[in-house]
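These notes concern the structure reproduced below.
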Amino acid sequence: MNDLNRLKNEYFFMPDATRGAVRYLTTKQLKETGTEAIVTNTLHLLIHPGPDIIQKLGGIKKMMGWDGIVLTDSGGFQVFSLIHSKKWQGSIDEDGAKFKSPREGNTYELTPESSIDIQMKIGSDVLVTLDDCRKSDLEKEEAQESVERTIKWAKRCKDHFEKEYGGTKKTGKLLTCVVQGANYPDLRARCAKELVSIGFDGYNFGGFVVDNDQKLVIDEMSAVIGNIPKDTIRYAMGVGKPEDILEAARIGYNLFDTVLVTRNARHGTLYTSQGIVKINNSSMALDEKPVDQNCDCECCSNYSRAYLHHMMKNGEAVAQTLATIHNLTYYQKLIKGLTPVCP
RNA sequence: GCAGAGGUGGCGGAGUGGUCAAACGCAUCAGACUGUAAAUCUGACUCCUUCGGGAUACACAGGUUCAAAUCCUGUCCUCUGCA
């Protein structure tokens, strides 16, 4: 698993395969986009199909037929977005989160320890500590609270990972943590420093990565990167638009993921070397050019914008597949263009 | 030919005297989406507007009424039964 050390000194874009699949793509198609690592989600996989089933089936990689890298997000973000925002019934305290899945009504518990256990059963290569994610415009007091809890939980995750599984040495897996601190650079810096003193294989910038004007929170991101070692994973969670990735890479981040690349593909916003192409717009109806003339993906080398437009407008699923293939290929090329200059 | 039912915006389809420029769905046209409750969500969708409104509109032509998509008369058209 020496391969994993590449995550510390190369650039990677990891598409989100939240439930163990990049939407609309087969594993073969996923590989062909140049993707080497994916992100799956602990909370979603906890609910379906459940960690025990995944373990019995030999882990998520075997299930998917995926021989690349798998990073499991801890579920901290979902605890925020589903429970804090009251979309799901649940409560959060010092020990973790309890919640009820609205689909079948079962109750679940996510603690620092159980999050690690679940990620182990999933068969992750890179684990993420459970963090206390909140909205970005917090009063300082609450931001501080989230930082304290995030650090405490990170420590518990690491202790559990080492005691129960023998840590990185024995498992060959990497353990990364999440840096919180809302939009307070000083809190971000402090959180990073304390996490570094505990010691992890990577430090992930968590929380929200853009402000209300959709601008990358570069000050907060800088405050973190300035306080973590260079030869570790520096993962900007949820970043982002192509220009945001370039910006984050410029200041030192090297791992990225975002749902934008796949979701926008499904919704008709395609990234190209000539800028954004809105494939659903009526102007595409007679456009016989490929989506991107400088792209050799399956979509661009075989089909016209007009054909893709027609299929999108009529709900042909293969259009979503082709669009996703294109966007992801574009992102992977973007990230590969960065590789030689990774610090 | 006789007897019923009916004709509403691009389409389907509510509404049966005022609160109707007309519910709802579809289609159309835009926009959004950043550790995915997302094949989702938002807005526009007669014309004009100084965004306060204004002008035409519910097959067509008349009429009743302070007021009509809604009531009456005629015309045209459609569907279903019976011949």
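Under numbering that gives the first Met the number 0, the first residue of the first sequence carries the number 0, and numbering increases by one thereafter.
Ideal Cβ placement from N, Cα and C applies to all residues, glycine included.
It should be emphasised that the depicted structure is a prediction, and the values quoted were computed from it without experimental measurement.
Under 6 Å Cβ to Cβ from residue 29, same chain only, skipping five residues before and after it: list those, please. For this step, residue 29 is matched to residue 30 along the first sequence. Within the same chain, Cβ atoms closer than 6 Å to the Cβ of residue 29 are found at 21, the five residues on either side in sequence being excluded.
Whole-number beta carbon distance between residue 164 and residue 119, since they are thought to touch under 8 Å: Taking the first residue of the first sequence as 1, we reach residue 119 at position 120. Taking the first residue of the first sequence as 1, we reach residue 164 at position 165. About 6 Å separates the two Cβ atoms, so the contact holds.
Contact the stretch 282-294 vs the stretch 66-74: 3+ CB pairs below 8 Å: No: fewer than three Cβ pairs fall under 8 Å.
Starting from residue 299, trace the beta strand (DSSP E) both ways and give me its first and last residue. Counting from 1 along the first sequence, the entry for residue 299 is found at position 300. Not the beta strand (DSSP E): residue 299 falls in the alpha helix (DSSP H), residues 297-301.
Would DSSP call residue 24 helix, strand or coil? Position 25 of the first sequence, counted from the first residue, corresponds to residue 24. In the structure shown, residue 24 adopts coil according to DSSP, grouped into three states.
Would you call the stretch 215-228 and the stretch 244-259 in contact, with 3 or more CB pairs under 8 Å? Result yes; three or more Cβ-Cβ pairs closer than 8 Å.
Please state the DSSP three-state secondary structure of residue 155. Counting from one through the first sequence, the residue named residue 155 turns up at place 156. Note: residue 155 maps to helix in three-state DSSP.
Using the Cβ count rule (16 or more neighbours within 10 Å means buried), how would you classify residue 206? The residue you call residue 206 lines up with position 207 of the first sequence. Under this definition residue 206 is a buried residue.
By the 10 Å Cβ neighbour count, where 16 or more other Cβ atoms means buried, how is residue 139 classified, buried or exposed? Position 140 of the first sequence, counted from the start, is the residue given in the question as residue 139. Burial call: exposed.
Whole angstroms is fine: what's the gap from residue 59's alpha carbon to residue 161's? Residue mapping note: residue 59 aligns to position 60 of the first sequence, counting from 1. Residue mapping note: residue 161 aligns to position 162 of the first sequence, counting from 1. The alpha-carbon of residue 59 is positioned some 22 Å away from that of residue 161.
Output yes or no for whether 8 Å exceeds the beta carbon distance between residue 24 and residue 334. What you label residue 24 is simply residue 25 of the first sequence in a count that begins at 1. What you label residue 334 is simply residue 335 of the first sequence in a count that begins at 1. No, they are not a contact pair.
Are residue 227 and residue 177 closer than 8 Å when you measure CB to CB? Counting from one through the first sequence, the residue named residue 227 turns up at place 228. Counting from one through the first sequence, the residue named residue 177 turns up at place 178. With contacts defined as CB atoms closer than 8 Å, residue 227 and residue 177 fail to qualify as a contacting pair.
Contact between the stretch 39-46 and the stretch 2-12 is defined here as three or more beta-carbon pairs at a separation below 8 Å; is this criterion met? Fewer than three Cβ pairs drawn from the stretch 39-46 and the stretch 2-12 lie within less than 8 Å of each other, which leaves the two stretches out of contact.
Buried or exposed for residue 322, please, with buried defined as at least 16 other CB atoms from any protein chain shown within 10 angstroms of its CB. To locate residue 322, count along the first sequence from 1; it is residue 323. Answer is buried; the Cβ neighbour count reaches 16.
State the CB to CB distance for the pair residue 114 and residue 129, rounded to an integer number of angstroms; the pair is presumed to be in contact (CB under 8 Å). On the first sequence, residue 114 is found 115 positions in, with the first residue counted as 1. On the first sequence, residue 129 is found 130 positions in, with the first residue counted as 1. Residue 114 to residue 129, Cβ: 4 Å. Contact.
Collapsed DSSP secondary structure at residue 200 in the structure displayed: Working through the first sequence from its first residue, we reach residue 200 at position 201. In the structure shown, residue 200 adopts coil according to DSSP, grouped into three states.
Whole runs of the alpha helix (DSSP H) within the stretch 111-191, excluding any shorter than 4 residues: The qualifying runs are 111-121, 139-164, 166-170.
Could you spell out where the beta strand (DSSP E) holding residue 68 opens and where it closes? Within the first sequence, residue 68 is the residue found at index 69, counting from 1. Looking at the DSSP string, the run of the beta strand (DSSP E) that includes residue 68 is 68-72.
Inter-residue spacing [alpha-carbon to alpha-carbon] between residue 35 and residue 327: In the first sequence, residue 35 corresponds to position 36, counting from 1. In the first sequence, residue 327 corresponds to position 328, counting from 1. Residue 327 has its alpha-carbon roughly 12 Å from the corresponding atom of residue 35.
Which residue's Cα is closest to the Cα of residue 208: 85, 256, 92, 167? Mapped onto the first sequence, residue 208 falls at position 209. Comparing Cα-Cα distances from residue 208 to each of 85, 256, 92, 167, the minimum goes to 256.
As assigned by DSSP and simplified to three states, the class of residue 313: Residue 313 sits at position 314 when you count from the first residue of the first sequence. Residue state, collapsed to three classes: coil.
Of the choices 166, 122, 167, whose alpha-carbon is the least far from that of residue 45? Locating residue 45 in the first sequence gives position 46, counting from the first residue. Considering only alpha carbons, the answer is 122.
Nearest to residue 291 (by Cα), restricted to the options 56, 306, 305, 273: Here the question's residue 291 lines up with position 292 in the first sequence. It is 273 whose Cα lies nearest to the Cα of residue 291.
The alpha helix (DSSP H) that contains residue 242, what's its start and end? Taking the first sequence and counting its residues from 1, one reaches residue 242 at position 243. For residue 242, the uninterrupted alpha helix (DSSP H) run begins and ends at 241-249, by DSSP.
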